[in-house]
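*Asks:* Okay, here's the structure, questions in a sec.
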Ligand SMILES: Nc1ncnc2c1ncn2[C@@H]1O[C@H](COP(=O)(O)OP(=O)(O)O)[C@@H](O)[C@H]1O
Ligand SMILES: [Mg+2]
């Protein structure tokens, strides 16, 4: 691309690299909307598959092997249908404050990124405290926080075939906490102070925007919570997020 200074807004001049990044972000945003439409379209056929398999299973004289196959088709279609419903709900822009179960939200996101973990051969472990109270907040924003932190961890473990541990616990007074640890390469001391800065990224052009943790930290703070990071070169990284039960 020619190195022209594109005009952004009234007079802000942006570089070709920034223009490429903005174009990419815009493309992904549009693709996201189109995908949401496509996913919505999947619901119809999935419902047909689920009910058809139930009807077949109620028939008499269906050989056992066929029954087994149909029942697998039905349960896979059901799984997909749950995933698409969850995806549509997650992609919504509307604010919906409600009593949110942190453990269920973690399960949703881990299910959502399952393929991303599997293709990097990352083992995902959970240690969830099932006595946690619900937290009153926007569940979709909590999902975004979890997704940002978990995707960063998975991206950091690109080659290592690592481990991801997600824990939940009670925090001090009226707060819950989740801890996400990876055994990736860690964050060097000279960069750890910058990771929450806007546009700070160590990833290649097109792979990182440097906005994930910037947005994450501000979302956590808008919920009245806080986020901390500890990391050791070669020793992995841990993000700890504490959220008040009621803001
Ligand atoms: N779990 C992690 N392990 C190693 N580095 C990390 C981890 N999480 C975040 N980082 C570092 O923080 C930077 C900023 O992250 P983020 O704000 O999400 O932007 P991006 O993912 O687009 O680079 C990353 O580029 C990476 O250098
Ligand atoms: Mg990121």
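Residue numbers (the numbering used here): 14 to 260.
Idealized CB from N, CA, C, for every residue including glycine.
1. Does the Cβ of residue 38 lie closer than 7 Å to at least one heavy atom of ligand 1?
2. Considering only DSSP beta bridges, list what residue 161 is partnered with.
3. With respect to 7 Å, is the separation between the Cβ of residue 219 and the closest non-hydrogen atom of ligand 1 below this value?
4. Does the contact criterion of 3 or more C-beta pairs under 8 Å hold for the segment 205 to 213 versus the segment 129 to 139?
5. Which residue marks the beginning of the beta strand (DSSP E) containing residue 183, and which one marks its end?
6. Tell me, please, whether the segment 140 to 155 touches the segment 239 to 252 by the rule of three or more beta-carbon pairs shorter than 8 Å.
7. Just the residues with CB closer than 5 Å to a heavy atom of ligand 2, in chain order, which are they?
8. When you measure from the CB of residue 223 to every non-hydrogen atom of ligand 1, does any distance come out below 7 Å?
9. Hey, how far is the Cα of residue 114 from the Cα of residue 120?
10. Alpha carbon to alpha carbon, what distance is there between residue 213 and residue 117?
11. Would you report the Cα separation of residue 44 and residue 37, rounded to the nearest angstrom?
12. Using the rule of at least 16 other Cβ atoms within 10 Å of the residue's Cβ for burial, across every protein chain shown, is residue 95 buried or exposed?
13. Should residue 250 and residue 166 be called a contact, given that it needs their Cβ atoms to be closer than 8 Å?
*Replies:* Judging by the given coordinates:
1. No, the beta carbon of residue 38 sits no closer than 7 Å to any heavy atom of ligand 1.
2. Residue 161 pairs with nothing; no bridge assigned.
3. No, ligand 1 has no heavy atom inside 7 Å of this Cβ.
4. Segment contact: the segment 205 to 213 against the segment 129 to 139, fewer than three CB-CB distances shorter than 8 Å; contact not assigned.
5. That run of the beta strand (DSSP E) goes 176 to 183.
6. No, the segment 140 to 155 does not touch the segment 239 to 252.
7. Checking every Cβ against the heavy atoms of ligand 2 under 5 Å gives 165, 225.
8. Shortest gap from the CB of residue 223 to any heavy atom of ligand 1: under 7 Å.
9. For residue 114 and residue 120, the distance between alpha carbons rounds to 10 Å.
10. So the alpha carbons of these two residues sit roughly 31 Å apart.
11. The straight-line gap from Cα to Cα measures roughly 10 Å.
12. By the 10 Å Cβ count, residue 95 comes out exposed.
13. For residue 250 and residue 166, yes; Cβs fall inside 8 Å.
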